[in-house]
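Remarks on the structure that follows.
2 protein chains.
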Amino acid sequence: MATIQELGEFGLIKHLTESIELKNESSLKGVGDDCAVLAYPQDREVLVTTDLLLEGVHFDLTYVPLKHLGYKSAMVNLSDVYAMGGMPRQITVSLGLSKRFTLEDMEQFYDGLRLACDAHGVDIVGGDTTSSMTGLTISITCIGDVEKGKAIYRNGAKPTDIICVSGNLGAAYMGLQLLEREKIVYYQQLKENKGNATLEMAEPDFAGREYLLQRQLRPEARRDVILRLRELGIQPTSMMDISDGLSSELLHICTDSHTGCRVYEEHIPLDYETAAQAEEFNMNVTTCALNGGEDYELLFTVPMSDKDKIEKIEDVTMIGFVTNEDEGKVLVTRDGNEFQLKAQGWNPLSEEKDKE
Amino acid sequence: MATIQELGEFGLIKHLTESIELKNESSLKGVGDDCAVLAYPQDREVLVTTDLLLEGVHFDLTYVPLKHLGYKSAMVNLSDVYAMGGMPRQITVSLGLSKRFTLEDMEQFYDGLRLACDAHGVDIVGGDTTSSMTGLTISITCIGDVEKGKAIYRNGAKPTDIICVSGNLGAAYMGLQLLEREKIVYYQQLKENKGNATLEMAEPDFAGREYLLQRQLRPEARRDVILRLRELGIQPTSMMDISDGLSSELLHICTDSHTGCRVYEEHIPLDYETAAQAEEFNMNVTTCALNGGEDYELLFTVPMSDKDKIEKIEDVTMIGFVTNEDEGKVLVTRDGNEFQLKAQGWNPLSEEKDKE
Chain G
1 MATIQELGEF GLIKHLTESI ELKNESSLKG VGDDCAVLAY PQDREVLVTT
51 DLLLEGVHFD LTYVPLKHLG YKSAMVNLSD VYAMGGMPRQ ITVSLGLSKR
101 FTLEDMEQFY DGLRLACDAH GVDIVGGDTT SSMTGLTISI TCIGDVEKGK
151 AIYRNGAKPT DIICVSGNLG AAYMGLQLLE REKIVYYQQL KENKGNATLE
201 MAEPDFAGRE YLLQRQLRPE ARRDVILRLR ELGIQPTSMM DISDGLSSEL
251 LHICTDSHTG CRVYEEHIPL DYETAAQAEE FNMNVTTCAL NGGEDYELLF
301 TVPMSDKDKI EKIEDVTMIG FVTNEDEGKV LVTRDGNEFQ LKAQGWNPLS
351 EEKDKE
Chain R
357 MATIQELGEF GLIKHLTESI ELKNESSLKG VGDDCAVLAY PQDREVLVTT
407 DLLLEGVHFD LTYVPLKHLG YKSAMVNLSD VYAMGGMPRQ ITVSLGLSKR
457 FTLEDMEQFY DGLRLACDAH GVDIVGGDTT SSMTGLTISI TCIGDVEKGK
507 AIYRNGAKPT DIICVSGNLG AAYMGLQLLE REKIVYYQQL KENKGNATLE
557 MAEPDFAGRE YLLQRQLRPE ARRDVILRLR ELGIQPTSMM DISDGLSSEL
607 LHICTDSHTG CRVYEEHIPL DYETAAQAEE FNMNVTTCAL NGGEDYELLF
657 TVPMSDKDKI EKIEDVTMIG FVTNEDEGKV LVTRDGNEFQ LKAQGWNPLS
707 EEKDKE
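And the structure:
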């Protein structure tokens, strides 16, 4: 197989993208010119979102396979388009590659990327590839569309609206803790073996925890929920995807909508595995659900009058209500105590993460 | 002034973008939600381009001021939209920042970015900001539009078409050589002074070379040329911007259009300073013009029948003709010799640049 250096930038892009067939009517021209060319009908608004993912900050290639990373990199962007009530249509993919990556690595990454795009009807229409001095840099931009006037913003929540979340929360965070623990075990054994990996070293034990790993490594953007809301004629008053943790996202909606909220701990949806793992790690599972990120579930508010319709949607839970701003942002615990919600979501600019 | 760490991701983005006013009718919602929301009229096609710029690979902060870097980062993307015959309307800006960058640094970068955007009527509508383990990472996506059916691709050149370029070539490359030379001088002096910068050290001498530095540090995308072509009713048959060097771009157009070309050395537009500097460096100025990148001029082809109109455009030069594919891609030198053009443009994935 040729090396990336032999192929060069244009050769690599060609190799990775030449078999792509554009699926969307709105994709006129994909990879291969100065720009991609798109055409959206008059009655649609165009949605644009972008994410920058850096090795060592957002992902750890010691335990994340490149195919999963490709899948997840696409998915986190698609999720932002769904979070506006829209449908993702195109992505551009920019990669910075250090020398240790092989052509096969990039094929793996693209396999994951394409798997995600195919499942969601999205075209890869462009990007940029370059060398990097330090590991892998991924920048993805996703373009989508939504019916004119139907984009769901963060600022439309009204007092008495019901607060809903899809799926369950905290599982992706627990998956991450599990992977981090096994990484430490691995390096300890490696140290004991004076740096040589041997067959005697214990294999990581993930039995019974597959769901948590899947939630961390292979999250799924909630297209299904958007389609179901549309089928039922529900137009949420506000919506976000939960990437930084429920607390953080709730505070965004409340701040932008100038409201308070009242959320009930007992209604926050949890998976059994998340609870079991939290217990094993001696962690508070509600804290994990509130502050653990990367679930990519949808958080949204609907008018009280939509309550019956919401109950028809499997996998959507009502967790509380929007209140007046002066009532604060309140979590009601199982034992009836009330706490002010705080954003302890992951701060990608915090000192702790920033170790240059 | 607050630090970036104190502000956090959302605070930093807010600080840098809160005074932005959207100028384009097509920009419905900018920074501050899961996606930007745009609305393009039915009779326009949407153009999307993206570039990833990495410290140490694409720019060197020892001699590039952050304000210039912001300006140039925007400009290289706007240039790609002009190269389709379109008008840029929106950009998203993602930044990865290592700890050494201060809030003031980011304000400088944004000042440059906004200067470029204001001059070209472009709105900053979104982005992503995160920490980086290693220097500055910049990813910009630009969205623009063009009249339906009027996007200018690389594949429309026809034999007998005239090949045109705007401005002059090789100056940005010469500017880079100049900066690199002064950097070496600076580090030599620093070494002699045992690492201490002193006032006795010679100041870099750029007198009479300001134009070359400007071309390297503050390139200008050729909006004016696109507007002039439109005024004169000229629809080029193919177009690209010259980012990797004239040779490389000519080969792209010929390959995609299935044609050859015949370009005359004597017609390649050069600035006096470029020629003088090449002589001082003992370099062949034509080689610099053919293979030096980053001029961000436009390369385009027009039917022979547009010759009179083209002559009316100041600052556009006819450098040769499109030929049949089997006639090859030929450079005719001043002394009448013929050479096959080769792409020696900058390969961002070459071994040389890839030093991890």
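Just so you know, the sequences run in chain order G and R.
First residue of the first sequence: 1, per my numbering; consecutive thereafter.
First residue of the second sequence: 357, per my numbering; consecutive thereafter.
C-beta: ideal position from N, C-alpha, C; glycine also.
task = Assuming C498 of chain R and V413 of chain R form a contact by the criterion Cβ under 8 Å, report the distance between their Cβ atoms to the nearest whole angstrom.
result = In the second sequence, counting from the first residue as 1, residue 498 of chain R sits at position 142. In the second sequence, counting from the first residue as 1, residue 413 of chain R sits at position 57. That pair is no contact at about 20 Å.
task = Identify every run of the beta strand (DSSP E) within the region 59–100 of chain G, keeping only runs that are complete inside it and at least 3 residues long; order them along the chain.
result = 87–97
request  = Would you tell me roughly how many angstroms separate the C-alpha atoms of I20 of chain G and Q544 of chain R, rounded to the nearest one?
outcome  = Working through the first sequence from its first residue, we reach residue 20 of chain G at position 20. Working through the second sequence from its first residue, we reach residue 544 of chain R at position 188. Rounded to the nearest angstrom, the two C-alpha atoms are 51 Å apart.
request  = Using a Cβ cut-off of 7 Å (strictly closer), state whether C35 of chain G contacts chain R.
outcome  = For this step, residue 35 of chain G is matched to residue 35 along the first sequence. Cβ-Cβ to chain R under 7 Å: yes for C35 of chain G.
query = Quick one, are the C-beta atoms of T389 of chain R and Y153 of chain G less than 7 Å apart?
reply = Against the second sequence, residue 389 of chain R aligns to sequence position 33. Against the first sequence, residue 153 of chain G aligns to sequence position 153. Checking the sequence shown, residue 389 of chain R turns out to be Asp, not Thr. Yes, these two residues count as a Cβ contact at 7 Å.
ask   = Is L227 of chain G buried or exposed, if buried means 16 or more other CB atoms sit within 10 Å of its CB?
value = By 1-based counting over the first sequence, the position of residue 227 of chain G is 227. By the 10 Å Cβ count, L227 of chain G comes out exposed.
inquiry  = Tell me the residue span of the alpha helix (DSSP H) that contains I310 of chain G.
reply    = Position 310 of the first sequence, counted from the first residue, corresponds to residue 310 of chain G. Unbroken alpha helix (DSSP H) run through I310 of chain G: K307 to E311.
ask   = Does DSSP put C35 of chain G in a helix, in a strand, or in coil?
value = Taking the first residue of the first sequence as position 1, residue 35 of chain G is located at position 35. Looking at C35 of chain G - three-state DSSP - the assignment turns out to be coil, as it is neither helix nor strand.
ask   = Which whole-angstrom value is the C-beta distance of A430 of chain R and L384 of chain R, which I expect to be below 8 Å?
value = As a working note, residue 430 of chain R is residue 74 in the second sequence. As a working note, residue 384 of chain R is residue 28 in the second sequence. Between L384 of chain R and A430 of chain R the Cβ distance is about 21 Å, and since that is not below 8 Å, they are no contact.
query = What is the residue span of the beta strand (DSSP E) that N647 of chain R lies within?
reply = Here residue 647 of chain R refers to the residue found at position 291 when the second sequence is read from its first residue. No beta strand (DSSP E) contains N647 of chain R, which is instead part of the alpha helix (DSSP H) from V641 to N647.
First through last residue of the alpha helix (DSSP H) which encompasses G466 of chain R = Residue 466 of chain R sits at position 110 when you count from the first residue of the second sequence. For clarity, residue 466 of chain R is Tyr in the given sequence; the question names Gly instead. Where Y466 of chain R is concerned, the enclosing alpha helix (DSSP H) stretches over L459 to A475.
task = Look up K329 of chain G in the DSSP assignment and say whether it is helix, strand or coil.
result = Here residue 329 of chain G is taken as the residue at index 329 of the first sequence, counted from 1. Correct three-state label for K329 of chain G: strand.
task = List the residues of chain G that A507 of chain R touches, going by C-beta distances under 7 Å, in chain order.
result = Taking the second sequence and counting its residues from 1, the one referred to as residue 507 of chain R is at position 151. In chain order: V37.
request  = Report the residues of the region 61–86 of chain G with a CB closer than 9 Å to any CB of chain R, ordered along the chain.
outcome  = S79, D80, V81, Y82, A83, M84 and G86
inquiry  = By the three-class DSSP mapping on this structure, what secondary structure does S604 of chain R have?
reply    = Taking the first residue of the second sequence as position 1, residue 604 of chain R is located at position 248. Here S604 of chain R sits in helix by DSSP.
query = Between the C-alpha atoms of A343 of chain G and E297 of chain G, what's the straight-line distance to the nearest angstrom?
reply = In the first sequence, counting from the first residue as 1, residue 343 of chain G sits at position 343. In the first sequence, counting from the first residue as 1, residue 297 of chain G sits at position 297. Each residue's Cα considered, the two are about 17 Å apart.
task = For S603 of chain R, decide whether its Cβ has a neighbour in chain G, counting only Cβ atoms nearer than 7 Å.
result = If you number the second sequence from 1, residue 603 of chain R lands on position 247. With 7 Å as the cut-off, S603 of chain R does not count as an interface residue toward chain G.
request  = Could you tell me whether the Cβ of S375 of chain R comes closer than 7 Å to any Cβ of chain G?
outcome  = The count along the second sequence starts at 1 and reaches residue 375 of chain R at position 19. So no, S375 of chain R is outside the interface.
key: Cα-Cα separation between T373 of chain R and V387 of chain R, rounded to whole angstroms   = Here residue 373 of chain R refers to the residue found at position 17 when the second sequence is read from its first residue. Here residue 387 of chain R refers to the residue found at position 31 when the second sequence is read from its first residue. If you take the alpha carbons of T373 of chain R and V387 of chain R, they lie about 7 Å apart.
request  = Could you check which residue in G:I313, G:M239 and G:E107 has the C-alpha nearest to that of S79 of chain G?
outcome  = By one-based count along the first sequence, residue 79 of chain G stands at place 79. Of G:I313, G:M239 and G:E107, the residue nearest in Cα terms is G:M239.
For F10 of chain G, the first and last residue of its enclosing beta strand (DSSP E) = Here the question's residue 10 of chain G lines up with position 10 in the first sequence. Note, F10 of chain G: premise wrong, no beta strand (DSSP E); alpha helix (DSSP H) at I4 to T17.
inquiry  = I believe E294 of chain G touches L394 of chain R by the beta-carbon criterion, under 8 Å. Please report the beta-carbon distance rounded to the nearest angstrom.
reply    = Position 294 of the first sequence, counted from the first residue, corresponds to residue 294 of chain G. Position 38 of the second sequence, counted from the first residue, corresponds to residue 394 of chain R. Between L394 of chain R and E294 of chain G the Cβ distance is about 27 Å, and since that is not below 8 Å, they are no contact.
Span of the alpha helix (DSSP H), counted from its first residue to its last, around M174 of chain G = Taking the first residue of the first sequence as 1, we reach residue 174 of chain G at position 174. Where M174 of chain G is concerned, the enclosing alpha helix (DSSP H) stretches over A171 to E192.
query = How should K72 of chain G be labelled, buried or exposed, when 16 other C-beta atoms within 10 angstroms of its C-beta is the threshold for buried?
reply = Taking the first sequence and counting its residues from 1, the one referred to as residue 72 of chain G is at position 72. The residue is buried, with at least 16 neighbouring Cβ atoms inside 10 Å.
inquiry  = Tell me whether the region 297–315 of chain G and the region 273–281 of chain G touch, counting them as touching only if at least three CB pairs, one residue from each stretch, are closer than 8 Å.
reply    = no
task = Note down, in chain order, every chain G residue with its Cβ under 9 Å from the Cβ of G477 of chain R.
result = The residue labelled residue 477 of chain R in the question sits at position 121 within the second sequence. Going along chain G, no residue has its Cβ under 9 Å from G477 of chain R, so there is no contact; the nearest lies around 17 Å.
message = Which residue wins for smallest C-alpha separation from T406 of chain R, given the options G:P65, G:H15 and G:T130?
response = The sequence position of residue 406 of chain R within the second sequence is 50, counting from 1. Here the closest residue by C-alpha is G:T130.
message = What would DSSP say about L299 of chain G, mapped onto helix, strand or coil?
response = For the purposes of this step, residue 299 of chain G is identified with residue 299 of the first sequence, where counting begins at 1. Strand at L299 of chain G.
query = Can you tell me whether Y628 of chain R is buried or exposed, with buried defined as 16 or more other CB within 10 angstroms of its CB?
reply = For the purposes of this step, residue 628 of chain R is taken as residue 272 along the second sequence, with counting starting at 1. Exposed is the call here.
query = To which residues of the same chain is D662 of chain R closer than 6 Å at the C-beta, ignoring the five residues directly before and after it?
reply = Taking the second sequence and counting its residues from 1, one reaches residue 662 of chain R at position 306. I590, listed in sequence order.
inquiry  = Can you tell me where the alpha helix (DSSP H) holding Y272 of chain G begins and where it ends?
reply    = Locating residue 272 of chain G in the first sequence gives position 272, counting from the first residue. Note, Y272 of chain G: alpha helix (DSSP H), Y272 to E280.
L53 of chain G versus G:G86, G:C35, G:M87 and G:S94, residue with shortest Cα-Cα distance = Residue 53 of chain G sits at position 53 when you count from the first residue of the first sequence. Closest by alpha carbon: G:S94.
ask   = Considering Q216 of chain G, what are the terminal residues of the alpha helix (DSSP H) in which it resides?
value = Here residue 216 of chain G corresponds to residue number 216 of the first sequence, with the count starting at 1. From DSSP, the alpha helix (DSSP H) with Q216 of chain G extends over E210 to L217.
query = Is the region 608–620 of chain R close to the region 545–554 of chain R, with three or more CB pairs under 8 Å?
reply = no
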